[in-house]
Amino acid sequence: MAQAKSQFGYRRHPDQDRSGQSPAEHAVVVVGAGPVGLSLAIDLAQRGQRVVLLDDADRIGEGSRAICFSKRSLEYWDRLGVGDRMVDKGVVWSVGRIFHGESQLYQFNLLPENGHKRPAFINLQQYYAEAYLVDRIDDLPEIDLRWRNKVTALEQRNGSVALTIETPEGAYRVLAQYVVACDGARSSLRQMVGAEFAGQVFEDQFLIADVKMTAEFPTERWFWFDPPFHAGRSALLHRQPDDVWRIDLQLNRYADPVVEKKPENVRPRIARMLGHDKFAFEWISLYKFQCRRMDRFIHGRVVFAGDSAHQVSPFGARGANSGLEDAENLSWKLDRVLRGRSPASLLESYHLERSMAADENIRESTRSTDFMAPNSHQEARLRKAVLSLAKETEFGKRMVNGGRLSVPCSYDSPLSSLDADTWHGGPSPGRSMLDAPVTTPAGEQIYLTDAFRKGGTDFTLLSFSNGTAIDAPDGVKGIRIGGEGGFADPSGLVAKRYGAEPGAAYLLRPDGYVAARFRHPARAAIAAALVRAEGLY
279 MAQAKSQFGY RRHPDQDRSG QSPAEHAVVV VGAGPVGLSL AIDLAQRGQR
329 VVLLDDADRI GEGSRAICFS KRSLEYWDRL GVGDRMVDKG VVWSVGRIFH
379 GESQLYQFNL LPENGHKRPA FINLQQYYAE AYLVDRIDDL PEIDLRWRNK
429 VTALEQRNGS VALTIETPEG AYRVLAQYVV ACDGARSSLR QMVGAEFAGQ
479 VFEDQFLIAD VKMTAEFPTE RWFWFDPPFH AGRSALLHRQ PDDVWRIDLQ
529 LNRYADPVVE KKPENVRPRI ARMLGHDKFA FEWISLYKFQ CRRMDRFIHG
579 RVVFAGDSAH QVSPFGARGA NSGLEDAENL SWKLDRVLRG RSPASLLESY
629 HLERSMAADE NIRESTRSTD FMAPNSHQEA RLRKAVLSLA KETEFGKRMV
679 NGGRLSVPCS YDSPLSSLDA DTWHGGPSPG RSMLDAPVTT PAGEQIYLTD
729 AFRKGGTDFT LLSFSNGTAI DAPDGVKGIR IGGEGGFADP SGLVAKRYGA
779 EPGAAYLLRP DGYVAARFRH PARAAIAAAL VRAEGLY
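The opening residue of the sequence shown carries number 279 in our numbering; numbering runs sequentially from there.
So, in C-alpha cells, the structure goes:
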C-alpha cells in the first residue's frame with residue numbers, strides 16, 4: 279500500500295517566543311496545505327503579499343485522492359509557475375467512453391479542436407501536485423509554511439482574527455487581517471465560526487482502488503453501467519502516472535466499509551474486472567457521494583475555499599478543480615483589498631460568484647448521482663429506458679450521465695458590465711477567457727494564455743487592431759492582436775474564438791474572466807467597466 283510521498287519536519291517559529299508580548303500580526307493566514315491552500319498562498323505571494331500557511335500534518339501524499347485536473351486548473355498552475363511539471367508528469371487525456379454491459383454506447387472528446395496550450399484534463403496523483411506546489415513555495419520567501427501547526431481556537435475582534443495554534447512544543451497565538459480556511463470537508467474552522475454544511479448525503483457507497491499494473495488500455499476515461507464483471511452497478515477505469523490505475527466500483531448502501539476495504543475482499547472484485555490478479559494495491563478507500571455547501575463562504579474576516587466551503591461527489595472532477603477556481607477567484611480580490619485599491623466589499627463578490635459555481639457543481643453532481651445510483655424503482659426504470667434509447671439515438675446519448683465533467687462556471691456577477699453591442703460568438707462577460715496560438719512581436723510562438731500570464735497580475739485589455747490605438751486605463755496591461763508591434767494571430771483562432779473584428783476589445787480580470795467587451799471601445803466605457811470590475815461601483 280502507498281505511504282506518504284513526502285514528510286516535513288516541525289520547526290519552531292519566532293512567533294512562539296513572544297511570551298509577555300502581544301501576538302505577532304500577519305496580513306493573511308491560510309489554514310490547510312492541500313492543493314487549494316498551497317495554490318492560494320503562491321498566488322498571493324506572487325502578488326507581493328506575505329502569507330502564513332499552516333497545516334496540522336507534517337506530510338503529504340496519503341493515497342492518490344484527487345487525480346483529475348482540468349484545462350482551467352492547468353492554466354492557473356501555469357501562472358503559478360508549476361504547470362509544466364504537472365503536465366510533464368501527468369497522463370494527458372480528452373477522450374472518454376461510456377459502456378452499457380459489454381457494449382459501447384458512445385465516446386466523447388472534451389477538446390476536439392487544436393490550438394490550445396493545455397489539454398482538456400490530466401490525471402495526476404494529488405501527492406505529486408502537492409509536492410510540486412511545496413517545491414514552488416520553497417522559491418517564495420513571502421510564504422511561511424509551518425507544518426504541525428494546528429488551529430485550535432479562533433476569535434474575531436477589532437478588525438482582526440486571533441488564532442490559537444497548537445504545536446509539539448505547546449500553543450501560541452497570532453493575529454491576522456484575514457484568515458482563509460482551506461482545511462477540507464471536515465473543516466475545524468467551519469465549526470469554530472458556527473457554520474454548517476447544508477445539502478445531501480447519498481446512501482450508496484463507492485469503492486476506490488488505485489492499483490499498480492502493466493496494462494494496454496488506452497489513455498481514456500472508461501465508464502460502465504451494469505458491466506458483466508460488476509452486475510447491476512457502475513464502474514470507472516482511469517490511468518494515472520507510474521502504471522497506476524484508478525478503479526471506482528459502486529457498492530450497495532448496506533455494504534460494511536470495514537469489510538469492503540480489506541484487500542482480500544477487494545482483490546477478487548478487481549480481478550473480475552481485469553480478468554487477472556497481476557496487480558498491487560496502492561490505495562483503497564470507500565466514500566459516499568456528498569453534495570453540500572456552506573450558506574455563506576465569508577464569515578467576518580474568515581473566508582472559506584475548497585472542500586471547507588463546498589463538497590461534491592468525485593465523479594466529474596468537480597472537487598479539486600472547483601477549489602482551485604476558488605483560489606484563483608479570491609487571490610486577486612484579497613490582494614486589492616489588502617492594498618487599499620478596492621473596498622472590503624469586493625470580497626462579497628467572491629462569495630456571490632463561487633457560491634454560484636458551487637450550486638452549479640452540486641446540481642450537476644446530484645444529477646449524475648441520481649442517474650448512476652437510482653433511489654427508486656421509477657428512477658431505475660427511467661435509467662434503463664435512457665440506456666436503451668442511447669443505443670439507437672443521439673438524443674438518448676445526451677441523456678446518459680456517467681459523471682459530467684468539470685467546466686468553468688459562468689458568473690452572473692455585479693463585477694461584469696453588460697454587452698452594449700451585439701456579438702456573434704466569443705466569451706461574454708462573466709465567462710472565462712479562451713486560449714489560442716499567437717506569435718509575439720519578436721517572432722516567438724506562444725499562446726494567448728502565456729501572453730496573459732507574462733503581462734503581470736492585474737487587469738488586461740485584449741484588443742484587436744484596426745490601425746487606431748486603444749488607450750488602456752492606468753494600471754491596465756495591454757495585449758494587442760495585429761498591427762505594428764502587436765501579437766500575430768497566424769491561425770485566425772484568436773479572432774474566431776473571441777468573435778472579434780478589428781477594433782474590438784475585451785477587458786479581462788486578473789483571474790482571466792471577461793469583465794466587459796466592446797465592439798467599438800471608447801476610453802470612458804473601458805474606464806467605467808474597470809471601476810465596476812474593481813468593486814468600486
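Just so you know, even glycine gets a beta-carbon here, dropped at the ideal spot from N, CA and C.
Counting along the chain, LYS675 sits inside no beta strand (DSSP E); it lies in the alpha helix (DSSP H) bounded by residues 672 to 677. Short of 6 Å from the beta carbon of TYR565, and not among the five residues preceding or following it, lie these beta carbons of its own chain, in chain order: PHE484. Here TYR450 is buried. Its C-beta has 16 or more other C-beta atoms within 10 Å. Ranked by how close their Cα comes to the Cα of GLU494, the residues TYR406, ASP521, ARG676 have ASP521 in first place. Here the alpha carbons of ALA805 and ILE548 stand approximately 60 Å from one another. Per the Cβ contact rule, the stretch 626 to 636 is in contact with the stretch 580 to 598 (3 or more Cβ pairs under 8 Å). Burial of THR647 is indicated by the presence of at least 16 other C-beta atoms within 10 angstroms of its C-beta.
The beta carbon of PHE501 lies closer than 6 Å to those of ILE376, LEU514, GLY680 in the same chain, with the five residues before and after it left out.
Across the structure, ARG709 and SER623 are spaced so that their CA atoms are roughly 22 Å apart. Exclusion of the five residues before and after SER691 leaves SER627, LEU630, GLU631, GLY708 as the residues of its chain whose Cβ lies within less than 7 Å of its Cβ. Measuring C-alpha to C-alpha distances from GLY510 to each of ASN639, PHE649, GLU408 identifies PHE649 as the nearest. Following the DSSP letters along the chain, one finds ALA729 inside the alpha helix (DSSP H) bounded by residues 726 to 732. From the listed residues LEU358, SER600, LEU786, GLN656, the smallest Cα separation to LEU712 is found for LEU786.
Relative to the Cα of VAL308, the nearest Cα in the group ARG357, VAL615, ILE759, VAL458 belongs to VAL458. Considering only VAL772, ALA778, HIS702, GLY578, the residue with the shortest C-alpha distance to ASN436 is GLY578. Beta bridge pairing from DSSP links ILE443 with VAL429, TYR450. Between the stretch 536 to 554 and the stretch 596 to 616, the count of C-beta pairs closer than 8 Å stays below three; the two stretches do not touch. Secondary structure of ALA635 (DSSP, three-state): helix. The beta carbons of PHE730 and GLY674 sit no closer together than 8 Å. Residue burial is scored here from C-beta neighbours: ARG325 has at least 16 other C-beta atoms within 10 angstroms and is therefore classed as buried. Boundaries of the beta strand (DSSP E) around TYR565: 558 to 572.
Under the three-state reduction of DSSP output, ASP648 falls in the helix class. Judged by beta-carbon spacing, ASP697 lies within the 8 Å limit of ARG795, meaning their Cβ atoms are closer than that value. Here DSSP, grouped into helix, strand and coil, assigns LYS490 to strand. Pairing PRO788 with PHE737 gives a Cβ-Cβ distance under 8 Å. Beyond the five residues adjoining it in sequence on each side, PRO751 comes within less than 7 Å, by CB distance, of ILE804, ALA805, LEU808 in the same chain, given in chain order.
Between TYR288 and PRO446, the C-beta gap is smaller than 8 Å, which places the two residues in contact. Looking at the DSSP output, CYS346 shares a beta bridge with ASN401. In this structure, the alpha-carbon of LEU814 lies about 12 Å from that of GLY618. Looking at the backbone, the Cα of SER706 and that of LYS395 are separated by about 22 Å. A direct Cα-Cα distance of roughly 18 Å separates SER620 from LYS755. Between ASP362 and ALA605 a beta carbon distance of about 19 Å is seen, past the 8 Å cut, so the two are scored as non-contacting. DSSP, reduced to helix, strand and coil, places TRP523 within a strand of the structure shown. The C-beta distance from GLY312 to GLU408 rounds to 7 Å, short enough to fall under 8 Å. Put simply, the stretch 460 to 476 touches the stretch 553 to 571. At least three CB pairs are less than 8 Å apart. Here PRO505 is buried, its C-beta having at least 16 other C-beta atoms within 10 Å.
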